[in-house]
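Read through the structure below, which is laid out as structure tokens, and then see the notes.
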Amino acid sequence: MAQAPVPKAELHLHIEGTLEPGLAFALAARNGVELPYASEEELRRAYSFTDLQSFLDLYYALLAGLRTEDDFAEVADAYLARAAEQGVRHAEIFFDPQAHTSRGVPIGTVIEGLGRALAKSEETHGVSTRLIMCFLRDESAESALATFEAARPYLDRITAVGLDSAEVGHPPSKFTEVFALAREAGLKCVAHAGEEGPPAYVWEALDLLGVDRVDHGVRCMEDRELVDRLVADQVPLTVCPLSNLQLKVVDDLADHPLPAMLDAGLLVSLHSDDPAYFGGYAHDNFTAVRDALGLDEETLRTLARNSFRSAFLDEETRAAYLREVDSH
Ligand code: HPA
Ligand code: ZN
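When you line the sequence shown up against our numbering, it's residues 7 to 334, in that order.
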């Protein structure tokens, strides 16, 4: 029998990016919504991206079928079941409230629905969970602030805020105010930076937003001083190899900067971003880099350890998960 996948934490996962075509059509039918694709096959043929924006256009379009608390709970539960099969023991899950409130779905529906699936995940799937609320950076700073205020009644269920969507032209500096409010409220902070955007955006995420982790961050490798800073502070970078390949951040997985990032001493871990779109869930990213980059078992184990080191966990739970990796 094949060996069970190494225990790992999923720290870069957009719940909207786990919507598989079958479930997208089922939810749309249930809610009487028409998707702009005639069939699952036609939809799957559209899964060929030239950059981040070409992916985001499809990602937002497919959300039309998601309307009720039950819908959000079902998407999250389906994801957590798949994650468990991939060795995920802990998942910190992004959601994009503005992608739903802009369609008339109340933020409470989104958070209650996701929260219901997450609350029983430890029992049903053996996966502990956290929720991270992301602001869409191609929307205004005022919209992010309004979203944060609308989420205030639910902050006990939210561990961190994040920043995602179209990066170039929307630097972290645009969101300084809302991140300061989130930190005042006791939330952790993360931000996508240095995926398509320049190293300057990673500096801004660190110095202006005060982030605890950087999502992607692969373009830090273009700035020696930035690498030194990230290494010195051991800032976690959540790297998503299959995403980078599908969105043309790298042309070939064999050219991925992951080995150089590890050699530089960066705190890197592997994640799946939008697995329904990019051809693989958490462990699939491990096997893809193993095959393309020739990483050995000990390096893969280091990457799994790094995922728990980078997670928003109490120290006792972290230590228990790290022991699981060691004894794997
Ligand atoms: N990058 C930025 N925003 C996103 C992504 C991503 O890979 N996936 C979903 N929103
Ligand atoms: Zn992402």
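We treat Cβ as the ideally placed atom computed from N, Cα and C, and that holds for glycine. These numbers were taken from a predicted model, which means no experiment stands behind them.
Among the options, the one whose alpha carbon lies nearest that of residue i
i	options	result
A244	H18, R88, A97	It should be pointed out that residue 244 corresponds to Thr in this sequence rather than to Ala. Considering only alpha carbons, the answer is H18.
R143	E304, T182, R163, E75	T182
V233	D269, D257, S249	D269
D102	I138, E26, G71	I138
V274	V241, H262, V295	V241
N250	V237, L264, A238	L264
V331	A310, E321, A105, E322	A310
Q92	N291, Y65, A30	N291
L187	E321, A166, P205, G38	A166
V256	L236, V295, L161, R230	V295
H106	V133, A70, E129, G121	A70
D334	E303, E321, E322, F318	Position check: residue 334 holds His in this sequence, whereas Asp was assumed. Considering only alpha carbons, the answer is E303.
G203	R163, L169, E231	L169
F318	L259, I164, R307	I164
T50	E26, E40, V39	Going by the sequence as given, residue 50 is Arg instead of Thr. The shortest C-alpha separation from R50 is found at E26.
H176	E155, F154, E210	E210
Q9	F55, T323, V208, T293	T293
T323	V133, L306, D229	V133
A266	R230, Y287, S278	R230
V39	Y287, S278, R109, A326	R109
Beta-carbon proximity of residue i to residue j, cut-off 8 Å
i	j	result
A82	A123	yes
S316	R189	no
R225	G200	yes
Y43	A52	yes
S313	A15	yes
E145	Q104	yes
L253	D63	no
L212	C195	no
F100	Y283	no
A238	V217	no
F141	V111	no
R73	N37	yes
L248	G285	yes
I113	A150	no
L276	L236	no
H262	C246	no
Y85	I117	no
A125	L68	no
Proximity test, residue i beta-carbon vs ligand 2 heavy atom, cut-off 7 Å
i	result
D279	yes
D221	yes
D170	yes
H262	no
H131	no
H198	yes
Residue i CB to nearest heavy atom of ligand 1 below 7 Å
i	result
H176	no
E303	no
Y66	no
H20	yes
G23	yes
H96	no
H106	no
S134	no
S275	no
L58	yes
L243	no
E201	yes
E40	no
E47	no
E145	no
CB-CB length for residue i against residue j, believed under 8 Å
i	j	result
E46	G28	6 Å
H131	A87	6 Å
P11	H289	4 Å
T135	S127	5 Å
G119	A79	5 Å
Q59	A172	6 Å
D280	Y66	No, D280 and Y66 are not in contact; Cβ-Cβ is about 12 Å, not under 8 Å.
A152	K180	A152 to K180, Cβ: 15 Å. No contact.
A298	L328	About 27 Å; that fails the 8 Å criterion.
C-beta neighbour in chain B for residue i, strict 8 Å
i	result
S275	The structure shown has no chain B; it contains just one protein chain.
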